[in-house]
Structure formats: structure tokens, C-alpha cells
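Undergrad:
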Amino acid sequence: MTGSAALQGLYQQVILDHAKEKHGFGLRDGAAASSHQLNPTCGDEVTLRVHLGDADTVASISWEGQGCSISTASASILSDLVDDLPRPDVRLRIEAFRELMQSKGTIDGDEELLEDAVALSGVSRYVTRIKCAMLPWVALEHALLEADGALGAEAGAAR
Amino acid sequence: MTGSAALQGLYQQVILDHAKEKHGFGLRDGAAASSHQLNPTCGDEVTLRVHLGDADTVASISWEGQGCSISTASASILSDLVDDLPRPDVRLRIEAFRELMQSKGTIDGDEELLEDAVALSGVSRYVTRIKCAMLPWVALEHALLEADGALGAEAGAAR
Amino acid sequence: MPTPTTVMPPVPVRTDATVTTLTSADVERLRADFPILERTVNGSPLVYLDSGATSQKPLAVLDAERAFALHETAAVHRGAHTMAGEATETFEAARAQVAGFVGVDADELVWTSNATEGLNLIAYGISNASLGRGGDSSARFRIGAGDEIVVTEMEHHSNLVPWQELAFRTGATLRVIGLQDDGHLKLDEAAEIIGARTRLIAVTHVSNVLGLVNPVEDLVAMARRVGALVVLDACQSAPHMALDLRALDVDFAVLSGHKMLGPTGIGALYGRRELLDALPPFLTGGSMITTVQLDHSEFLPAPARFEAGTQRVSQAVALAEATRYLSAVGMDRIAGWEFALGQRLLEGIAALPGIRVLGPGLGEERVGLASFVVEGVHAHDVGQFLDDRGIEVRVGHHCAQPLHRRFGITATTRASAYLYTTEDEVDAAIAAIGDVRAFFGAV
Amino acid sequence: MPTPTTVMPPVPVRTDATVTTLTSADVERLRADFPILERTVNGSPLVYLDSGATSQKPLAVLDAERAFALHETAAVHRGAHTMAGEATETFEAARAQVAGFVGVDADELVWTSNATEGLNLIAYGISNASLGRGGDSSARFRIGAGDEIVVTEMEHHSNLVPWQELAFRTGATLRVIGLQDDGHLKLDEAAEIIGARTRLIAVTHVSNVLGLVNPVEDLVAMARRVGALVVLDACQSAPHMALDLRALDVDFAVLSGHKMLGPTGIGALYGRRELLDALPPFLTGGSMITTVQLDHSEFLPAPARFEAGTQRVSQAVALAEATRYLSAVGMDRIAGWEFALGQRLLEGIAALPGIRVLGPGLGEERVGLASFVVEGVHAHDVGQFLDDRGIEVRVGHHCAQPLHRRFGITATTRASAYLYTTEDEVDAAIAAIGDVRAFFGAV
Ligand SMILES: Cc1ncc(COP(=O)(O)O)c(C=O)c1O
Ligand SMILES: Cc1ncc(COP(=O)(O)O)c(C=O)c1O
Ligand code: FES
Ligand code: FES
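Chains as they are written, first to last, in this note's numbering: chain A, 1 to 159; chain B, 160 to 318; chain C, 319 to 761; chain D, 762 to 1204.
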């Protein structure tokens, strides 16, 4: 054993696996909106596209970027999570995840809601890594806002 | 008695008298050169003119300015001292006075050479006041240099 | 308004919080936190009456600074390791504390070296905007020929020269609001000067020479009417009274740590959030960028955008502790005590023959300082005489030459008090000042 | 060359001065001066390998700073009373000490907040000269379209972004000297770039990522041929080797106190006397003026001209003590020790599979640091893994994004040593780095 229990808690196997498998990796065409986010602490970036089913459902996300295993795993996990999910549910999950990250290890996360993302709960004890885990989630949040803006503008134009 | 022995040593009666009497005060015409010096610590200034007998003798100085009792007395004392003095002797006295001021109270000053100016020896213990005492002497030094420059330039023009 | 009764250690003052002034007993107790006050000067017990220049520092502040250095030294905002994370948290908590102390949010507070640097930051930010830096979002700061910057005749050089230089750099014009004989701003003149051309008004909250408090609300109202920015020099108010910059509604404000129980080497700039975010960078380099290409760079949002290079971390921690100390004692009670001391000083000195005190008279709003002229005796000689008795006062122009010129003088003697100043000290100063003219034969 | 044997208290190292390196025993002894080294991180003893970011501070430095605050706090260069005089003398003695430490005169040394501010001071001084400030005597600094500023691809952002901004403000062009694969400057490219249009060359003495020492003499020679100024970033050399700026013959140089056992909040700028005297002011305000009129001001000569507002006095005193400590230990012996540590680190890491170290190889001139890439593992994950064992290293771009881009990467892990670093610590780091890839399943 080469890492402490705390370190194993941070880098759970499911995280290391997601960091390798990178679900959703590779930008795909036909996105409703996209967002590019940068982590100023490290200079890492993620570009995330949101693909809508109808206006009220996220069909999927596609993403690219370079980052640490935490941010990569987080993007991969997010990709699994928002597969064909009504947008209010997406928003709920983003909020729940943010709360988990800010909890400083005081909560475990709702596995029903967050699925594999609860494996990232250990990150909340590492103040310098929270931004890593949040990066793709913030990107999704922004992309959704942009999608709303675009829809709003279209709607306006159609009127 | 309202001041300590040290204070009385700084403000000897002869200094307080000179500060009132201000020998040489009032700028006179016909000067060979003049210098304006500012004490940046307090903003006080002195303008000093040097009147030459022949090229090798300082006939007198005249000065104006506002400053503390130390700088005022110092100018007044200097005025008495350089009355009709050969320039090398003036230079000697400036040097001797500078040495006295930088002595931190370790020397008393040569009364033969510096006359009333030895009364300023107490100033050398007060690092913040040395500039006060030096101000007119530095002005005289500069005025003499300027006089040389002017003479040099004239001499050059005459050649 | 009394401050809350929650008093944090190691502050020793725990008297009735409904009293809006410290008592002599309070002051005696808190003096124990300032061991330097026990020293002697020229054989006499120190009477430190130069807090307007720089304040003494309580042990709690020195301890906080040392503890940080001893246990937490690490690079902030640059490292990912545990110690860097801890140091960063401590540093940002310090920002939140100091911001809260002056009534603003943490992300509106930029660390500087001192108030002077804060004022230069604004002035250079405006120059840079005027050169087109910051693009459209900084356009609101652009100034040039025809625009006017307004200051007052009582400003400290640090709130005057940077604006002169900004005027030189941009072609804008500097306008100056004059003073009444009692030192107050000529508000009618202000109303004339502040007009459509005015882009910025820079004014001190409390004069470091006159001790008076400027009518910030009036000036802000005039500025708002014409869409000008207001920069407040809070150097002499932040240490001495409860300050709510948001309530004052100014756009920018600066303060210096060393005048408010903190260490040297640290100050702060407050900027209204949307302004700070729009101002182009001033100092550039590490830690204020997002992306650096060889030919150009992108910058972080405020406050990081204005904090280039390694920051004054242990000083920020110490300043935060200083504000905690001040709050625990209670800013209103400090202000009350200092007002009383100021009045006592004013009354005592004014009663002496041949002494002229600058600024408003007895009973008017003043902080605990008095600047005065002794007829027939130069200020430096006055200071020397007092120093001989261990009484440390400031002499000279106090970095306010135009103010002195306005009153036809080049120098004054200034006695300035703080929370640790006693009535006995003020009385000792008055007595000594009373002896000055006789010593110098000026009577 | 061995350093003098005069060792001042409280420095504990008194070994044979003819040996140009510290010994393990010396280092063990001097570690007692750094109590923080006894702390634990995540349950393991601290292994501090981030001195390149900021150094730890010995007790002597903390004591000097505290002693000044406790006994001598007073305004410097502004007061005439005894305490002000004492504080001013102490402050100026600190300047002379630090100036002497880098081989220059006291009046050529300006205090700054950090190295970054020093570089900005030069850049803004040049902008101001280019706008006509400083008149004829500053004309030599004027630059504009057609003029070129030269930097290198390895510069810290603090020695790059200020020059980018200067170029934007003045219309001058920024040129960049590229790097060889081993990290060294392409000197042939330098010779091509540095030409008649070159006005200024800004280069780091030691790279904070590559650990190499740049050939300052060659660059100075090229600069002299075309009449360009040389600005040296001595941030990473001043702490680690004997430095004689006069002998190096550069025009300006900057350093940061916090990297050389001093506190945060202080740095220094050296400027060749005639240049410093000719450069127009940067920050303006109190204490840097002679006369202030309402419409314009006159300025003091250097260094005071560049020190606006209340200075970082206690920090200067502490930095002076830090340089005294370093001199007493002996800069050559420190350099010798760190070279050996650097080689040990390099050798150990390079022997591990899947690790690439940036910069020159074994046996070449290097300081005691190594930046490396672990194949298949992101630098932040490497850092996290080491941190778990109490090993504090820096991860990321180290404020040198262009350098990282040059080598096709975005981040490295950097271990950097100082005089208090032991061989055991280096070995612990090497062992831990050896375990990284297995933990992350990258083998
Ligand atoms: C080479 C180099 N230059 C400049 C700097 C900037 O120093 P500071 O952040 O103290 O201003 C650093 C350190 O961060 C450095 O390593
Ligand atoms: C009113 C006022 N403004 C500005 C300053 C400048 O402060 P600092 O020297 O700390 O930058 C001072 C103090 O000297 C002051 O009293
Ligand atoms: S370290 Fe860059 S995203 Fe985690
Ligand atoms: S105080 Fe100004 S010259 Fe003495």
C-alpha cells in the first residue's frame, strides 16, 4: 500500500477507472451550446458541449480537455449521469454536487441522485482540488445557460 | 530649567542668539554666485549668495531663507566666519564643519578654525538635525563651485 | 452605536458595552498589549503622540504574524500541497476579515503595500484604460483632454501627486477645491467645480493635519449628479472610527495597515465590484493571469487581477488580527475616547499664549489630533524640545505642503493620539508645549 | 571561493571555511533555526521541497522583525523625533546590508513589494519617460514603434507580462529568444534578435523551472554592442549563490525577499546609479517629493524617488537579517550543497521509468531543483500523492506557461531545495516519485 487511507478515499478505484475511460470524451457535432472553462490554479481546461433531446431534456454531453485525474473522472462521471435527463433534474444534480464539494467532508452525497459522482466526495476535504472536480459541472451549467440564451434569442427572433 | 543638559548642549545660548540676530541676512546685489538649497526632511530652504573680494577671497555671504533655529544660527555663524577669508581657508572650514557634524558627538571642533560654529557640535548627536546645520554650508559650497564654473567659463571665453 | 459584547481574546477590555467611549481604566489595561509604551526616550517615559504617522502594534498582531510564519509559511494561490492550501485559506480569511471591518465584500478588497500604492493603482488603471487597455469593458475609465480630476487643497501628497501625474499622462485637468479659514472644504466652490467635465473626485475622509472629517455624503451626491467617480482616502478614518464604505457609497477607497495597529508593508484598496472588475490591470506578472501567450496575456478577475507576484501574506494575516483587535475594543468606543482626547488637547493648547491651532475649534467634529504653530519657534525646534522630554510628535509639512501654504506656513507640530493614549500623556504634552516659547526666548 | 570566516550569531554553522559546501552535519544544525521543519503534514514529517516558490524563515529573521516592531516602531524619513531617527537609521542600515549582499551601493537599491513590482517599476518608468515625464534627463529611456524589447521563452510571467504591457503602451515590439531542447537559450538566435532596434533585454538569471543558469555575460556583451539595457531577474539566483551585480554588469536587477529567508512583502530593485537617477518616478505620493505645488511636484533623487508612501520598514529589517544569516552560512557553501542536492535529485528521478526531467542533464550547472513529467499522471495528481506523504512540491506551470508550451506540456512537478534541505529528504522524494505511476495505474 503506497497511499494513506485518506488518499485512497480521494482516488477511489472508480475515479481512476473513469479517468482512464473518459466517457463522453470527444466533441460531437450538433450541440445546442458549449462552454469552455479554465482552472486558473493549474491552467487546465475543459470544453463541454451539451446536446439536447428536446428543449427540456439533455440528451448527452461531449467534452474534451486536459486535466488531472479528478477533473477527467468528474467529466466522465458527469457524462454518464446526464444521459437523457430532464433539465430540471440536471440542475438538481449540479446543485447537489456543488453542495457535496463544499461540504469539507461532512456529507457523503446522495448516491441515488449522484451515482458514481459520490465517489468524488473525498475531494471536498482537499480545498485545492475542489475546482478540479467542479470544472466540468460548471462548464455544463454555463452551456445550459447559453443554450437558454440561444433559445431565448431564437424565440425572440421567431416572434 | 525646562530642558535637559543634552538639550541645553544642543541649543547653546550663542545659537539662540544667532538665530535671532541672523548675521548676513538679506540678499545683497553684486554676488559672484548663489545657491538655493532645500532640506527635504522639513521643506526648509536657504538661498545664499557669495560675494568675492578678488577671485581668491570670499568677501562675505548674504542669505535668506526660512528654517529652524539650528539652520538659521548656522547661516548667521557662517556669515561671521567667512568674512574676508581666502577661499582655501573657507574650504578648510567647510570640511572641518562637515567632519564635526558627522562625528556623532565624538569631537568638539577646533574653536580656532570654526569659532562660534563649535557651538553647533551638539547637533552631531541628533541625526535628524544634521541636515539643518549643514544647509547653509552646503549652499556656500555649491555657490563657490558655481563661482568657479562661471570664472572657468569666462576664462574659457576670454582665451 | 455600541459594538457587540463578544470580545475575543487576547483583548483585555471588557467594560460596559453601552458606553460609547473607553475609560481611563480600559486604556490602562490595553496599554499592556503595547510593550513599546513602556520604553523611555531621552531618559523620560515615552509619550507617543505620533500615531497619525504610524501606530504601535499590539502583541496579538505580532504574535499572529509570527505564528503564521512559523507554522504556515507556503506560497498562496500557487501551490496545491497541504501547506499551500492552508496558507491560502488563512490569507483569504484575512481578506474577508479586513473587508468586513470596512463594510465591504472580500472580493472587493485588493491588497496593496500601503494607501499610496492603492491610489496609484487607480490612477494607473485609468491611464491604462485611456490607452485602450482592457478594451470596451474598461472604456468607462478613459479620460483625456477636457476631462477634469478634482482634489482638495488639504490632500496628503499621496492623494494629490498621483492625480497630477495622471493628468500629465492623459491630458486631463486637475481642479482643486479650496479651504475655508477653519480648514473646512469650501462646499460652494466644490459645487461650482464639480460639473459635467468631472470624471473623478479624490478626497480624504479625515485630514491628517486638520483632524476634521470631510462631508463625504455631500461630495458623493455632487459626484453622482455628474456621473463622476469618488475615491476616498480612508487612511486617517479607518484606524479611528467605525467605517462602512458601502454606506458611504464611494467608488474606491484606500487604507494603510501600519496606521491601524497592523504592520508596515500592507494596505488595502476597496473598489465597488463592477468597477474593480472593469478596471484594467496595473502591476502585471505571476498570479494575476489565466493564460500567458508570448505575445499577450489574459487576466484573472478582481481582486487577483491586481495582485501580481507573491503577496504580502503574513502582513495580511497580521492586519486582519489588528482589525479583530480594534473591533473587539470597539471602534465607536475608540472614536469616543479619541474625540475626548482631541478636545482636551485642543483646549489645553489653545489656552497657551502665542499658539495657533489649525482646523476646526472646540466642540466641532474632530479626531484626536492637533496641528499647531508656536509663534517665534520653528516646528522642528518645538519637536526637539518635546522629544527631549520623551514626547514624540511629528513636525513639518506632514506630506501636505499645499495645505500649509494655504495657511501661510511651511510647517506645523502635530500631536496625534490613538486608543492607547492617556489623558496624562495629553496633559504632559500640553505642559511641555507651554514651556517651549520661554526656552527659545520667544516671549 | 570560500566565504569569510566571520560568522555572526545566531548562525550555528562554523565548519571549515575552506570547504565550499555545507556538510550534512551543518545542515542538521542549521535546521534548528527553522522550527517549521519539525511539523508534520498529513501525519508524516514535513519534507519541504517548495523553496523555489517561497522559503522558510529562520528564527533570527523573525526575531529581528519582531524586535524592530516591539522597540523601534516609528515613521521613517518623516519624523524628527528620537524614535523616528532610530527607525530611519535602522531602515537605511538594512538597505546598505542588502545592497552589499548583492555587490552594489545602498543608494542603488530601491525597496519594492516583491520582484514583480520591481520589474513593473522599470517598465512603467520607461512608459512615463516615453510620455515625456522626466524631461531631457529621462530621454534615454524613451521607446516607441520600431524599438524592440527582448525576453526569453523561459521567463517567469513576472518578467514577461510587464514587458508585453510596456510594448502595448508604447508601440514597441516584443521579441523572444527561444530555447534548445535541453532548455538552454539559443544563443545564435539571441545574436540575431539583439540588434540596432533592441532597447532592453530582460532575462532571468536562473530559471525557476529548468534550474539552469543563463549566460548573463554573453547577453550583456550583446546588449552593450547595441546600446541596450539589461534587466536581470535575480529571483532564483540571489537566494542560492553568491551574487555580484556590479561584476555581472547588468543595468537593473530584481529580487524577492520571501525566496531568500526573508518575509513576504519585500523585494528590491537594483539600478545602476546614473540610470536610477534618470528614470522618472513610478509610484508617486508622500516621501518621494521635494516640493509639491497644486499643479506639479518636484521629486527626490533615487532611491527615495521610487519609494512613495510609508515603506515596508520591518520587512526591510528582516530581509537584512536574512542576508546576514545567508552570508554567515556562506553563499558558496550553500551553492555547493544545493548543487549536490540537485544532482542527487536529478540522478534519482531520471533513473525512474517513465519520468522526463526538464533542463540540462547530470553534471551541468544547475541549482537544487528539478521539474519533471510523470508519464500518464497529471502533475497535480503527482503532487497530491507526494503531499500525502508530507512531501510538499510545486505542481503546475510555475508561472511559466510559454516555457511549458515550448516543451509540449501544460504542467510539471517541481521539487526545489534550499540550504536546510537534507539528502534524506531528497531520497524520500525520489522514493515517493517512484511509487506514483503504480498508484495511478500508469504502468
Ligand atoms: C524567476 C522568477 N522571477 C520572478 C518571480 C516573481 O517573484 P515574486 O512573486 O516574489 O514577485 C519568481 C517567483 O515566483 C521567479 O521564480
Ligand atoms: C490622509 C493620508 N493619506 C495618505 C497617507 C499615505 O499613507 P501611506 O504612507 O501609508 O501610503 C497618509 C499617511 O501618511 C495620510 O495620513
Ligand atoms: S489540476 Fe487542473 S483540473 Fe485538476
Ligand atoms: S528643520 Fe528645516 S532646516 Fe532645520
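Using N, Cα and C, we set each Cβ at its ideal position, and we do this for glycine too. Keep in mind it's a predicted model, so treat the numbers as computed, not measured.
1. Counting only Cβ pairs nearer than 9 Å, list the residues of chain C close to A/Val-46.
2. Look at the Cβ atom of C/Ala-764, then the Cβ atom of C/Ser-632, and state whether they are nearer than 8 Å.
3. Could you spell out where the alpha helix (DSSP H) holding D/Ala-828 opens and where it closes?
4. Just how far apart, CA to CA, sit D/Gly-932 and D/Gln-925?
5. What residues from the segment 385-406 of chain C come within 7 Å of chain D, judged by C-beta to C-beta, listed N to C?
6. Determine, using beta carbons only, whether B/Leu-279 comes closer than 8 Å to chain C.
7. Does the beta carbon of C/Thr-602 come closer than 8 Å to any beta carbon on chain A?
8. Is D/Cys-996 near ligand 1, in the sense that its beta carbon is under 7 Å from a heavy atom of that ligand?
9. Cα separation between C/Pro-671 and C/Gly-654?
10. Assign B/Leu-299 to one of two classes, buried (16 or more other C-beta atoms within 10 Å of its C-beta) or exposed (fewer than that).
11. Ignoring anything shorter than 4 residues, give me the alpha helix (DSSP H) runs that lie fully in the segment 1093-1141 of chain D, in order along the chain.
12. Does any C-beta atom of chain D lie closer than 8 Å to the C-beta of C/Leu-492?
13. Report the neighbours of C/Glu-710 on chain D: residues whose CB is nearer than 9 Å to its CB, in chain order.
14. Say yes only if the C-beta of A/Leu-78 is nearer than 7 Å to one or more non-hydrogen atoms of ligand 3, and no if none qualify.
15. Spell out whether any CB of chain D is found under 8 Å from the CB atom of A/Leu-38.
16. So does D/Cys-1160 have its beta carbon nearer than 7 Å to some heavy atom of ligand 1?
17. Anything in chain A within Cβ reach of C/Thr-470, meaning under 9 Å, just list it in chain order.
18. So with CB distances below 8 Å, who are the chain B contacts of D/Leu-1061?
19. At a CB distance below 7 Å, what residues from the segment 120-135 of chain A approach chain C? Give them in sequence order.
20. Okay, do the segment 1065-1079 of chain D and the segment 802-809 of chain D touch, 3+ Cβ pairs below 8 Å being the bar?
21. Helix, strand or coil: which one does DSSP assign to D/Glu-1068?
22. Which partner residues of A/Ile-61 appear in the DSSP bridge assignment?
23. How big is the Cα-Cα spacing for C/Gly-461 and C/Ser-448?
24. Can you check whether the C-beta of C/Val-691 is within less than 8 Å of a C-beta belonging to chain F?
25. Quick one: which chain D residues come within Cβ less than 9 Å of A/Leu-78?
26. Going along chain A in order, which residues have a C-beta closer than 9 Å to the C-beta of C/Thr-608?
27. Does any heavy atom of ligand 1 sit closer than 7 Å to the C-beta of A/Asp-41?
28. Which ranges would you report for the alpha helix (DSSP H) in the segment 823-891 of chain D if only whole runs of at least 4 residues count?
29. How do the segment 508-526 of chain C and the segment 546-560 of chain C stand: do at least 3 beta-carbon pairs fall below 8 Å, yes or no?
30. Would you mind reading off the limits of the alpha helix (DSSP H) that contains C/Thr-728?
31. May I ask you to check if the CB of C/Gly-397 is nearer than 7 Å to at least one heavy atom of ligand 3?
32. On the three-state DSSP scale, how would you describe D/His-1001?
33. Drop a sphere of 10 angstroms on the beta-carbon of C/Asp-705, count the other beta-carbons inside from all chains shown, and report buried for 16 or more, exposed for fewer.
34. Return yes when the C-beta of C/Leu-618 is under 7 Å from any heavy atom of ligand 3, and no when it is not.
35. Give, in chain order, every unbroken run of the alpha helix (DSSP H) that is at least 4 residues long and sits entirely within the segment 546-601 of chain C.
TA: The short version:
1. Going along chain C, no residue has its Cβ under 9 Å from A/Val-46, so there is no contact; the nearest lies around 14 Å.
2. There is simply no residue 764 of chain C to check, as chain C begins at 319 and stops at 761 in what is shown.
3. 820-833
4. 10 Å
5. The residues in question are Ala-387, Leu-388, His-389, Thr-391, Ala-392, Ala-393, Arg-396, Gly-397, Ala-398, His-399, Thr-400 and Met-401.
6. no
7. C/Thr-602 does not count as touching chain A.
8. yes
9. Distance between the alpha carbons of C/Pro-671 and C/Gly-654: 28 Å.
10. With 16 or more other Cβ atoms within 10 Å, it is buried.
11. none
12. Answer yes: the Cβ-Cβ gap between C/Leu-492 and chain D drops below 8 Å somewhere.
13. Neighbourhood of C/Glu-710 in chain D, by CB distance below 9 Å: Ala-835, Gly-840, His-842, Thr-843, Met-844 and Ala-845, in chain order.
14. no
15. no
16. At least one heavy atom of ligand 1 falls within 7 Å of the beta-carbon of D/Cys-1160.
17. Residues of chain A passing the Cβ test: none, with the nearest at roughly 40 Å.
18. Pro-199
19. Within the segment 120-135 of chain A, the qualifying residues are Val-127 and Thr-128.
20. Touching, no, given that fewer than three Cβ pairs across the two stretches are closer than 8 Å.
21. Collapsing the DSSP output to three states places D/Glu-1068 in coil.
22. A/Val-50
23. Per the sequence shown, the amino acid found at residue 461 of chain C is Ile instead of Gly. Approximately 6 Å between the Cα atoms of the pair.
24. The displayed structure is made up of protein chains A, B, C and D, and chain F is not among them.
25. Neighbours of A/Leu-78 on chain D: none; closest Cβ ~18 Å, over 9 Å.
26. Leu-38, Pro-40 and Gly-43
27. Correcting the residue type first, residue 41 of chain A is Thr in the shown sequence and not Asp. Incorrect: A/Thr-41 has no Cβ contact closer than 7 Å to ligand 1.
28. 843-862 and 876-891
29. yes
30. C/Thr-728 -> no alpha helix (DSSP H), and no H or E assigned at all.
31. no
32. Residue state, collapsed to three classes: coil.
33. buried
34. For ligand 3, not one heavy atom lies less than 7 Å from the Cβ of C/Leu-618.
35. Segments of the alpha helix (DSSP H) lying fully in the segment 546-601 of chain C: 563-566 and 591-596.
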